[in-house]
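Asks: Numbering (the numbering used here), first residue to last: 1 to 140.
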Amino acid sequence: MTAVNFSASIRPICMPEVTDVAAGDKAIVTGWGRTSFGGNISFVLQEVQVDMISLNECKTLYNNKYTITDNMVCAYTPNKDACQGDSGGPLIKELADGRWILIGIVSFGFECAALNSPGVYADVTKYISWITTVTGSSSC
1 MTAVNFSASI
11 RPICMPEVTD
21 VAAGDKAIVT
31 GWGRTSFGGN
41 ISFVLQEVQV
51 DMISLNECKT
61 LYNNKYTITD
71 NMVCAYTPNK
81 DACQGDSGGP
91 LIKELADGRW
101 ILIGIVSFGF
111 ECAALNSPGV
121 YADVTKYISW
131 ITTVTGSSSC
C-alpha cells in the first residue's frame, strides 16, 4: 500500500459540527455521473453550487413522495443538482476560516435537477462517531 502525500490540493476533508450547516448556506456537490437525466456520463469531474434547505422544506417539496429522515440533509437550487452516477459523492462547504467540510453524501433525488425536487444526502454529522472509529481521527 502506498501512502498519500498531502499537499495544498490533496488533503483530508474536515468533519462538520452540527452547527456548521444551516438552511440558505451554499454548498458544492461534485461527481462523474450523468450531466442530465438519462444523459451521458461525464468524462470530466463536474461540480455545481447548491443551496441548503431545511428538512421541513424538503419534506414539503417532496409532498411525502419519499421518506425524508433526520439522518438526511437536503439541497435545492433550480436546475442544479447531482445526477445518476453521482451517488456516494461529496456535498461540501467552505467555512469562513478556509477549511472545507464534508456535510453530506449524495443519496437520491427525483430525476436530476427536476423542478421542486431537492437533492437528498446522508447527513455526515449523524455518522461522526462511526467515521472516527473507522478512521481513528475526527480532525482534518
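Cβ atoms here follow ideal geometry from the backbone N, Cα and C, with glycine treated the same way.
Determine, using beta carbons only, whether GLY33 and ASP51 come nearer to each other than 9 Å.
Replies: Cβ atoms of GLY33 and ASP51: not closer than 9 Å.
Asks: May I ask you to report which of helix, strand or coil DSSP gives LEU45?
Replies: DSSP places LEU45 in coil when its eight states are reduced to three.
Asks: Buried or exposed for CYS112, going by 16 or more other Cβ atoms inside 10 Å?
Replies: Buried is the call here.
Asks: Straight-line CA distance for ASN5 to PRO12?
Replies: Their Cα atoms are separated by approximately 11 Å.
Asks: Under the DSSP definition of a beta bridge, which residues are partnered with VAL94?
Replies: Note that residue 94 corresponds to Glu in the displayed sequence, not to Val. Beta-bridge pairing links GLU94 to TRP100.
Asks: Mind reading off the beta-carbon distance from PHE108 to VAL124? Whole number of angstroms is fine, and I expect it under 8 Å.
Replies: PHE108 to VAL124, Cβ: 16 Å. No contact.
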